Structure formats: structure tokens, C-alpha cells
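S.K.: Residue numbers (the numbering used here), protein chains in the order written: chain H, 1 to 327; chain V, 328 to 983. For reference, the structure I am asking about is given below.
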């Protein structure tokens, strides 16, 4: 039958076009479709799998729609059967309750698997490095607890090393997103969300803020640079040697609403991120963040949980000025 | 003194933008013109007696429809302004705060003040007729619902000219929507506009549940009820569970802003994430609330224009009800990126995908209704056929979004924007338009012009794909929603320009439709039969436009698609003519209280919006006074004498 053949041909070409667009990797401006690290890679694979599974259903159905609409149109002399009372067929209905169930089951399996996978570091061989991210109005502050340096609107990371981001905010909610490295996570005051990302190769990536946070949010973007570990170490030393240290006053200045250029700091007030967190966490359980920094101060490492609570109590006490806590 | 007044005026009125001054002038001129026409032709009494105080569900439906078309215009202009700003990189057409206000009002208006009233308009215009009832269960409450919606919408729109518009997004997430970050009356307009109209929506939900359960014509079993009425039942059940959540949530937000409470604040023990959870517990069912009635419309239209019984009626009903239940278990997919535990994310990912199953079943059933039918491409059917591919693709991208780890890449990007516009325009708007074209002759007694309608149809459809397909691509490029500007270096320029062109094509489509309505009022094909589409359900058994009491004789139902069965029986000669026995018809009396009470609610909202508590107090006193007066009214109904029924029927060409 030529009609069926034509349909199959159309189907083939649509699939071929889809495959070319998605699989050949689009132009480099399609950041999401050009993964540069394992996390983005996992997500890219899911995008492809879900696209194919959806296409398996919708392309035949689209073709079927076109066929039915054409064949059963109301024109004089249409020879197609007309059965106005035919309104039920158990076998058919079981089929189309069944097909979506199967598709959803397959897709559900991949989804759930990767939900759990992405909670962990994508690279078990290399120990992750921690970077703390704070969303401010309208800039991103990055503090490196291990290196004791800080940057604003600029993020430099070692390639091949999983980065464990702890993300919070001292501003309305935002979202931290570097599409080429992987999907985003919210930045919320009083909470530290966690995200693992890794760049496989050295390169430059674009970072976005992707949750609306007011007037200048569109300008709240940042550059991410991945370098080989030794060059990264050199950069850290350079930052330590050539840039000023961030003081409490500097931070208070920084958090005022407004735009800022890229900034580098050779040091930052110890425990700054934890302090920002505690200021809004009101005794919520933030152990998962606090425990990661056993070496912050001797006092904190002994009883992390009670310190968290104590800190939030102090921050709510009138007259308790944190700028006095400079180390 | 003069200085004080100037100072007050500059804060009270929105100033500083030529666009807004232009709009101010046109609003003022329109108001003057309306007042002038009403006065010149001595129509004030007519307006009061026939419209402002009416409790007739058909008139209320028409008012909903008019309001929703006006709101569609406003929301559409908002959209076009946004698309203009994004047409090129670094545009300086709108500054960021103006842009923020526009996307906030666009979203709020399109969902709450366009989709909802258009839906309620269709409920009102159709459901009682389809059930063989003479009105809804609570006609007075129905009028109150409408006026609460209307005054809520007006309060919200007032922010355009006085006080300033809200700027925190259509769902106003705290802490951004709190006093610290959004001072001034804008957010309060948002809260009170929605709060007042939301009470009306809840009441409508209750009204239609009772109407459907209690007011069906004798003999009509639930299992014979037309699918549009089933979809209204499904939607109304969702409304009564979802809208109280909305009311409470924004009441708490208001307490934060007005009384210094700390439910959702950043500091002082508040938790903004609680607001996100609550607002989406309403917000997700809300999108199903608006789309499910569209499914009902498609079911009616497909059967009528394929001249065939709907395929898989029982499946359709089960699917509608399954969607209603499942819609309450998916809310957290709006914030998969909040960093919660893997198990929570997995649950909501799966529950979201599950919704695709009943929805997919419905698509198959529509297709197989057409299968072995005879399809005529009248306007309602055109929109229905256009809906199927659009919704298939939109549904597929919805399933893709439900894949939580992939959603970390789509979230808040233009991929998401393209997806929800595709299901909301392709599903809801196409559906409601199909419904409006379909039932228009029943309400107004004439059809809408086919030729102009087809121009509108093609502009809308082609424009839709030109506008939104590029946005999927923009999402993959990293473009985030709510950016008011972008640079050349991102490579977003081409797709944005194409998208803007598409948006304007849809705008042209809308203009054709307005022209179509205006043209058809004079020249549209008159419907003398009452059944212009050779349709299947009870509403087509009575004359067009439907008389105010709907059915001169309440029909006794024996069949699903009862009117079709009757017509078949008449054609076969097996129809038994029963003697017509007219009785006086029991009808509700008009009342001015719903309108007046809603005006007082408006005062409440207005007072709180500006922090002028004394105005709010006056409003509350008025509201309670209205309730008091109504509580002691006993003379609320009357009987239409048999003579008048006979005369009315005769004037519509039916001799009884």
C-alpha cells in the first residue's frame, strides 16, 4: 500500500532529522547539548533517552493523526468506512493504556537511577574539592575554604577534579547554573544546597543565575575557567600574592544590592560562609555542611551541631555584631 | 499644600513612562466614551437591570467571556512588549523594572484573569444547558462569583496606573516578594486581586459540583452525562481542594508584609521554601483545572464533527478523574532543583510522568472517535485538530521535564517556557477557542464568520510554532526566563528575533478574531434551527439563543447523546411524540447584592493595598451589611407564567 509506505518514509526522515540535530552535537552555542563534564554528560544522555522514548510514541501518533484526518474527511464519494456507533473496543483501549505505562516505566527507571547517581561525586578516584557559593544581590561570591581565597563573579577550578559546591545566599533565592558542566541548584538563604560538578578538560564556561531575583538579575552571570591542577595551583598562589584580603567590611559592602566587576581576594574572614548560613538558618539542621569543615576552628569541630544552634541564637540577639568576629 | 498634593500624586500615580501615559489617556478616553454612550442612549437602567444584577448563568457566562477577551488583549500586549524588548540584544525599549512588572502581570493575568474566566464563562454558558437544567444550583452565588472575579481583576489592573505593578513574578516567590525587596503597593495589588477573585473561583467550584450532582434532567445518569460536564466536575473537584490552599498561602504572605509576621521571610524564623511548596500545591492542580475542561470541549467537538459517538467514553471519564487525583501529587516538580533528598525527587518525577498516561489515553480516544467517522472541518474542529499535534509535542516535552536530573538543565530556561506555553496555548487556549466557536450560536443566535475565522486560525497556529519552537532551542543555549536583556556574545539573537515575529503573528490572529466577532454580529449566519452543527447533546434541542429559562419543558433523558438519539428516532419514525405539558417555571430573581458586595470587597483590597486601614474597614462593614441584608431576604424567586413561556417560544420560532 503506497499510503503506508509514504508514512514510513516520512517517519524515517523525521527520525533521521531528529538524530542529526540531537546526536551530532549542535553548534557550540547549544551549551546543554555540549557537555564538558560527567554530570552534564549524564544529563545529556537522559535528554537523548527521553527524547527518543517520547519520539517513539509521538511520531507514529502524529502520522496516525494525519492519516485519520485525511482518510475520514467528509467529502462526497469518500469510500472509507463510516461506523457512527462504533465506540468501544477493549483490546484497543488496553493497548493504549498499556503503551504509555511501558514507556513511563522505562523512562522512570533511568530517571530514578540518575537521581541517586547525581547526589554523589561523579568521580570516585579523585577527592572532591569544596567551593562555597553565595548568591548576593546581584553577584556571585565564591569562597575556597581549602585554599582560603575568594572571588566574585569569577570561578576557577581544576580540570578533572570533582568540585563539591555548597550553595547558599544572602539575598532572594537564586539558582547556580553552569550548563556545560551540569544542571543547576537553588541558592537560598539559611540553607546550603549541594552540587557536584566536574570539568573533564581545561576550558572556559558560562555560568548563569537562573532564578529571578530582582532588578539586575539578568547581569548576574559569571565566567568559569577550568585549568590543569598545577596551573590552578599557580593561580591560587598568584591570587594569594597579588590581591587584597576580604574583610568583614568588604563583605558587607559586597552584599549591598548592585553590580560588581570580577574580583579576587587573597583571603576571606574565616567561617564567612557558615556565618552567612547560620544568620538565616534558625536552628535548622545544617550538620551536613558544618561537618565537612572539621578544621575550621577547634571550638567548632568538637560539637558542630550545638555550635550551629548557638550561632543562630547569637545572630538573632540584638547588638550582636558579627564584624567583631574577624580572625 | 500644593507641594504635598504633587508629592502624593507622583507616588500614587505611576509616572515616568510614555507608554504608561499613552495607556492612561486611552483608558480615560474609553471610560468617557462608555459613560457618554450609556447616558446618551439612556442605557444605565438597562445595564443595571439586564447585566449588573442578573443571575442568569448565560449572561454571567457572556460577561465572563467579555472580561476574559479583554484580559487576553492586555496579557497579549504585555507579551508583545516583552518580545519587542527581547527581539535584539541590548535593546533599550524597556528598563529592567518595567520588564519585570510586565512579565509578572502577563503571567498573572493570563492564568488567573484570562484562562480562569474564559473557563468559567464556558462552564456557565454550557453546563446547565447540557444537563437539561434551568440554571446552576446557586444562581445568586454564581453572580457573586463573577463580580468577585471582576472586581479582583479590576483591582489588579489598577496597579498599572496607580501605585505601581507587582514585579516579583507571577507566583511572587518570597523573599523577593517581601517588604525588604518589594516595598510599595505593587505586591499588595497582586495579593488582593488574586485573593478576591480566588474566593469567587472557589464558590464557582462548589456551585458546579452541586449543579452537576443535583440538577441533571430526570433520567440522566452520571454514566450518560456529556463529557464536557464530566470535565467540569473533575475541574471543580480540583478547585475546591486547591483554591483554599491559595487563599491561605497568600493570606500568610500578606500577614508577613502587613503585620510583620515571619511565615515566609528570610530572617526571623521564616521559611520561603514553605511558600514554594504551598503555592505549587495550588499551582499545579491549577494548570489541570484549566486544561481539563478543554479536554471536555474536545470530546464534544470531536464527536459532533466526526458524526460519531465518542470513542471509549468510560476510559475518558476514568482518565479525567485520574488526572484530578494525580494532579495533587506532583507539585514539587516545579522545584526539583531545591536540593532535597533523592527519594523525594524520585517520587515527584514518577508521579509527574504518570499523569502522561491518562492524558495520552484521551488523545488516542479522540483519534479513534475520528477513525471511521466523517470529519467536517468547521472552526471548532479546526482548533481541535490543531490541538492534537501541538499538545502531543507539548506533552512530550513535559515528560522530558519530568526526568528530574535532566530538569536540572531545563529548569527556568526557555525550554520550560516553550513547554508550558505549548500546553497552555495548544491545550487551553485552542480548547477554549474551539468551545467558544462551538457554543457561540447557542448563546448569541448566529455563527462566527468562517472566512475571517480561518485567517485568525492560521495566523495563530503558524505564529505559535514560529514563536515557541525557537524557545526550546534557546533553552538549550542557556537562556533563562525573565532576563530582560542579553548580549550579542551568547548567540541568542537569531532565535529571539524569530520568536518575536511569531508572537506578532499570533497578535494578528487575535485581531482577525476580534474583527470576526464584530463582522459576524451584523453579517454572521443566523441559526434558526437551534442545532447548527447537527450535534448530539441536550443544549442543541432548544432554540438559539437559548431563552432565559432554558427549557420550556424539562427533558427526560433516556440515552447518552440523548438529542442525537432523539433525532435518529425521528428519522427512523420510531420517535413517540409526547404531549407537551407546560407548567409555570420557577426562576431566581435578580439581585444587586453580588455587585455591591463585590464593590465593598474591592474597597477592602484597595485599602489594604495602600495600607489605608480605614478604607478596608469601611469595605468589611459593607461586606457584612450585604450578607446581613441577603440573609433576611425571603422574596428571591418567582414563577414565569405559562403564557409568557408560550410567547417566548413562539418568538423563537417554536410552537408548543
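Yeah, the Cβ is synthetic: ideal placement off N, Cα and C, and Gly gets one too. Note that the coordinates shown come from a computational prediction; the quantities given were computed from them, not determined experimentally.
Within the 8 Å Cβ cut-off, does residue 291 (chain H) reach chain V?
M.R.: In the first chain, counting from the first residue as 1, residue 291 (chain H) sits at position 291. Legend: pLDDT at residue 291 (chain H) = 47, less than 50; position of this residue unreliable, no value from coordinates given.
S.K.: Can you pull the chain V residues whose beta carbon is under 9 Å from the beta carbon of residue 194 (chain H), in chain order?
M.R.: Locating residue 194 (chain H) in the first chain gives position 194, where the first residue counts as 1. Result: 666.
S.K.: Mind listing which residues of the stretch 404-427 of chain V have their C-beta closer than 8 Å to chain H's C-betas, in chain order?
M.R.: Hits within the stretch, in order: 423, 424 and 427.
S.K.: Which residues share a DSSP beta bridge with residue 966 (chain V)?
M.R.: Locating residue 966 (chain V) in the second chain gives position 639, where the first residue counts as 1. Note: residue 966 (chain V) sits in a beta bridge opposite V:913.
S.K.: Take every Cβ of the stretch 543-557 of chain V, pair it with every Cβ of the stretch 452-459 of chain V, and state whether three or more of those distances are shorter than 8 Å.
M.R.: Contact between the stretch 543-557 of chain V and the stretch 452-459 of chain V is present, because at least three Cβ pairs lie under 8 Å.
S.K.: From the beta carbon of residue 225 (chain H), is the nearest beta carbon of chain V less than 8 Å away?
M.R.: Here residue 225 (chain H) is taken as the residue at index 225 of the first chain, counted from 1. So, not an interface residue.
S.K.: For my contact list, residue 386 (chain V) and residue 375 (chain V) are in at a C-beta cut-off of 8 Å; report their separation, rounded to the angstrom.
M.R.: In the second chain, residue 386 (chain V) corresponds to position 59, counting from 1. In the second chain, residue 375 (chain V) corresponds to position 48, counting from 1. Not quite, the Cβ-Cβ distance comes to about 13 Å (not below 8 Å), so this is no contact.
S.K.: Check the C-beta distance from residue 556 (chain V) over to residue 619 (chain V) and give it rounded, since I have them as a contact under 8 Å.
M.R.: Along the second chain, read from residue 1 onward, the residue named residue 556 (chain V) stands at position 229. Along the second chain, read from residue 1 onward, the residue named residue 619 (chain V) stands at position 292. About 12 Å separates the two Cβ atoms, so there is no contact after all.
S.K.: Identify which residue in V:868, V:883 and V:906 has its Cα closest to the Cα of residue 891 (chain V).
M.R.: Reading the second chain from its first residue, position 564 is the one you call residue 891 (chain V). If we check each option's Cα against that of residue 891 (chain V), V:868 comes out closest.
S.K.: Check whether the Cβ atoms of residue 779 (chain V) and residue 831 (chain V) lie closer than 8 Å to each other.
M.R.: To locate residue 779 (chain V), count along the second chain from 1; it is residue 452. To locate residue 831 (chain V), count along the second chain from 1; it is residue 504. Not in contact: residue 779 (chain V) and residue 831 (chain V) (Cβ atoms no closer than 8 Å).
S.K.: Look at the alpha carbon of residue 289 (chain V) and the alpha carbon of residue 934 (chain V), and state the distance between them as a whole number of angstroms.
M.R.: Look at the range of chain V in this structure, 328 to 983, and you will see that residue 289 (chain V) is not part of it.
S.K.: For residue 807 (chain V), return the contacting residues in chain H, with the cut-off set at a CB-CB distance below 7 Å.
M.R.: Looking up residue 807 (chain V) in the second chain gives position 480. Correct list: 208 and 210.
S.K.: Should residue 322 (chain H) be labelled buried (16 or more other beta-carbon atoms within 10 Å of its own) or exposed?
M.R.: Position 322 of the first chain holds residue 322 (chain H). For residue 322 (chain H), the predicted structure reports a pLDDT of 40, less than 50, and the residue's modelled location is therefore unreliable. A value from the coordinates is still provided. Looking at its Cβ environment, which holds 16 or more other Cβ atoms inside 10 Å, residue 322 (chain H) is buried.
S.K.: Does residue 118 (chain H) pass the burial test, meaning 16 or more other C-beta atoms within 10 Å, or should it be called exposed?
M.R.: In the first chain, the residue the question calls residue 118 (chain H) occupies position 118. Per the 10 Å Cβ criterion, buried.
S.K.: Which residue's Cα is closest to the Cα of residue 188 (chain H): H:164, H:145, H:218 and H:135?
M.R.: Taking the first chain and counting its residues from 1, one reaches residue 188 (chain H) at position 188. Of H:164, H:145, H:218 and H:135, the residue nearest in Cα terms is H:135.
S.K.: If you count every other CB in all the chains shown that lies within 10 Å of the CB of residue 251 (chain H), and 16 or more means buried, which is it?
M.R.: As a first step, residue 251 (chain H) is located in the first chain; it is residue number 251 there, counting from the start. The residue in question, residue 251 (chain H), is buried, as its Cβ has 16 or more Cβ neighbours within 10 Å.
S.K.: Any idea if residue 951 (chain V) is buried or exposed, counting beta-carbon neighbours within 10 angstroms, 16 or more meaning buried?
M.R.: The sequence position of residue 951 (chain V) within the second chain is 624, counting from 1. Exposed.
S.K.: So, does the stretch 919-926 of chain V touch the stretch 884-900 of chain V, judging by three or more C-beta pairs under 8 Å?
M.R.: The stretch 919-926 of chain V vs the stretch 884-900 of chain V: no contact.
S.K.: Closer than 8 Å, CB to CB, is residue 493 (chain V) near chain H or not?
M.R.: Counting from one through the second chain, the residue named residue 493 (chain V) turns up at place 166. It does not; no Cβ of chain H falls within 8 Å.
S.K.: Is the stretch 428-446 of chain V touching the stretch 518-531 of chain V in the sense that three or more CB pairs, one from each, lie closer than 8 Å?
M.R.: With a cut-off of 8 Å, the stretch 428-446 of chain V and the stretch 518-531 of chain V count as touching, because enough Cβ pairs lie within range.
S.K.: Does the beta carbon of residue 132 (chain H) come closer than 8 Å to any beta carbon on chain V?
M.R.: Looking up residue 132 (chain H) in the first chain gives position 132. No, residue 132 (chain H) lies away from the interface with chain V (no Cβ there is under 8 Å from its Cβ).
S.K.: Taking 8 Å as the CB-CB limit, is residue 732 (chain V) close to chain H?
M.R.: Here residue 732 (chain V) is taken as the residue at index 405 of the second chain, counted from 1. With 8 Å as the cut-off, residue 732 (chain V) counts as an interface residue toward chain H.
S.K.: Enumerate in chain order the residues of its own chain whose CB-to-CB distance from residue 28 (chain H) is below 8 Å, with the five nearest sequence positions on each side excluded.
M.R.: Counting from one through the first chain, the residue named residue 28 (chain H) turns up at place 28. Contacts found: 34.
S.K.: Given a limit of 9 Å on CB to CB distance, which residues of the stretch 572-602 of chain V reach chain H?
M.R.: Listed by position along the chain: 593, 594, 595, 596, 597, 598, 599 and 600.
S.K.: Helix, strand or coil for residue 177 (chain H)? Go by DSSP, reduced to three states.
M.R.: Taking the first residue of the first chain as 1, we reach residue 177 (chain H) at position 177. Strand.
S.K.: Can you give me the start and stop residues for the alpha helix (DSSP H) that residue 158 (chain H) sits inside?
M.R.: Numbered from its first residue, the first chain carries residue 158 (chain H) at position 158. Careful: residue 158 (chain H) lies outside any alpha helix (DSSP H), inside the beta strand (DSSP E) at 154-158.
S.K.: Exposed or buried, which one is residue 80 (chain H) when buried takes at least 16 other CB atoms within 10 Å?
M.R.: Within the first chain, numbered from 1, the residue matching residue 80 (chain H) stands at position 80. The residue in question, residue 80 (chain H), is exposed, as its Cβ has fewer than 16 Cβ neighbours within 10 Å.
S.K.: Could you work out which residues of chain H lie near residue 636 (chain V), taking near to mean beta carbons separated by less than 7 Å?
M.R.: On the second chain, residue 636 (chain V) is found 309 positions in, with the first residue counted as 1. 84, 85 and 87, listed in chain order.
S.K.: Taking DSSP as the reference, what is the three-state secondary structure of residue 96 (chain H)?
M.R.: Working through the first chain from its first residue, we reach residue 96 (chain H) at position 96. Helix, per DSSP.
S.K.: Considering residue 697 (chain V), what are the terminal residues of the alpha helix (DSSP H) in which it resides?
M.R.: In the second chain, counting from the first residue as 1, residue 697 (chain V) sits at position 370. It spans 669-697 - the alpha helix (DSSP H) in which residue 697 (chain V) sits, taken as one unbroken run.
S.K.: Once you ignore the five residues that flank residue 229 (chain H) on each side, which residues in its own chain have a CB closer than 6 Å to its CB?
M.R.: In the first chain, residue 229 (chain H) corresponds to position 229, counting from 1. For residue 229 (chain H), where only same-chain residues beyond five positions count, the Cβ hits under 6 Å are 158.
S.K.: When you compare the stretch 600-614 of chain V with the stretch 563-573 of chain V, are there three or more beta-carbon pairs, one atom per stretch, that lie closer than 8 Å?
M.R.: With a cut-off of 8 Å, the stretch 563-573 of chain V and the stretch 600-614 of chain V count as touching, because enough Cβ pairs lie within range.
S.K.: Does DSSP put residue 226 (chain H) in a helix, a strand or coil?
M.R.: As a working mapping, residue 226 (chain H) is identified with position 226 in the first chain. DSSP places residue 226 (chain H) in strand when its eight states are reduced to three.
S.K.: Run through chain H and tell me which residues come within less than 8 Å of residue 380 (chain V), C-beta to C-beta.
M.R.: Here residue 380 (chain V) is taken as the residue at index 53 of the second chain, counted from 1. In chain order: nothing, as chain H lies at least about 43 Å away.
S.K.: Taking the CB atoms as reference points, tell me whether residue 739 (chain V) and residue 210 (chain H) lie closer together than 8 Å.
M.R.: Translated into the one-based positions of the second chain, residue 739 (chain V) becomes position 412. Translated into the one-based positions of the first chain, residue 210 (chain H) becomes position 210. Yes, Cβ-Cβ distance for residue 739 (chain V) and residue 210 (chain H) is below 8 Å.
S.K.: Taking a Cβ distance cut-off of 8 Å, strictly less, list which residues of the stretch 861-877 of chain V are near chain H, in chain order.
M.R.: For the stretch 861-877 of chain V, which is checked against every Cβ of chain H, not one residue is closer than 8 Å.
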